[in-house]
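In my numbering, the protein residues as written are 6 to 180.
Inspection log for the structure reproduced underneath, given as structure tokens.
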Amino acid sequence: MPLEQVDADPLMPYQLPFPPDALAEIVVPKAIPDDERLWVPQAENVWFRPLCLNRSQGYWMNLLRVRKSGVLSRHRHPQAVHGLVLRGRWRYLEHDWMAEEGSYVFEPPGETHTLVVPEGVPEMITYFQVNGVMYYVDPWGKPLGFEDVFTKIDLCRAHFAAVGLGADYADQFIR
Ligand SMILES: [Fe+2]
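Now the structure itself:
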């Protein structure tokens, strides 16, 4: 038994206040949204749906959606990435495996890859946790640009303002 003492009332909720400095939770009722405006364009046929933009720890949780000929440009990860494929399938040009619907993927620090959707797949949606930065490079590693949680927040604010939701619509995802 892992507990040192018996819990007399396992169903009694915790009775004390949470730490006053704790951040608020985030609950997104429909993570795959019906409202198309919630998809933030990031490249041709590539969008992301923010869920948690964690500026305090430098990561972001999002749904990535890629349709048909969309490509997520070649980039390096200095920190780990976790992914769960919700719809469709995709692969990296640098690996021979396919991320199928239902797959979990761990991408270790040091990965450099280019995400493509194979022929015949109209759409893929994958839940990704991306830590730190995505560092865009040419095929020989020359830096071309980067994204981090702050550039993601900027993209969200600009997009939500442009589609009429207001720049501060992004605030609910920021911690
Ligand atoms: Fe990546």
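All C-beta atoms, glycine included, are put in the ideal place defined by N, C-alpha and C.
{"Asked": "Expected contact under 8 Å - CB spacing of Ala85 and Asn136 to nearest Å", "Found": "6 Å"}
{"Asked": "Enclosing alpha helix (DSSP H) for Phe165 [first to last residue]", "Found": "154-167"}
{"Asked": "Any 3 or more C-beta pairs closer than 8 Å across the segment 131-149 and the segment 73-91", "Found": "yes"}
{"Asked": "Same chain, Cβ closer than 7 Å to Ala166, neighbours up to 5 away in sequence not counted", "Found": "Ala172"}
{"Asked": "Residue environment, Pro55, which counts as buried when at least 16 other CB atoms sit within 10 Å", "Found": "buried"}
{"Asked": "Cβ-Cβ separation, Val122 to Trp102 (assumed contact under 8 Å), whole Å", "Found": "About 15 Å; that fails the 8 Å criterion."}
{"Asked": "Glu128 (DSSP reduced to helix, strand or coil)", "Found": "strand"}
{"Asked": "Proximity test, Glu49 beta-carbon vs ligand 1 heavy atom, cut-off 7 Å", "Found": "no"}
{"Asked": "Within 8 Å, strictly: CB atoms of Arg72 and Thr119", "Found": "no"}
{"Asked": "DSSP bridge partner residues for Asn59 (one or two, in chain order)", "Found": "Tyr64"}
{"Asked": "Presumed contact (8 Å Cβ cut-off) between Leu68 and Ile37, rounded CB distance", "Found": "7 Å"}
{"Asked": "Sequence-distant residues of its chain with Cβ nearer than 6 Å to Gly150 (five each side left out)", "Found": "Tyr141"}
{"Asked": "Val76 Cβ short of 7 Å to ligand 1 heavy atom set", "Found": "no"}
{"Asked": "Rounded C-alpha distance that separates Gly125 from Gly93", "Found": "10 Å"}
{"Asked": "In DSSP terms, what Glu112 is bridged to", "Found": "Val86"}
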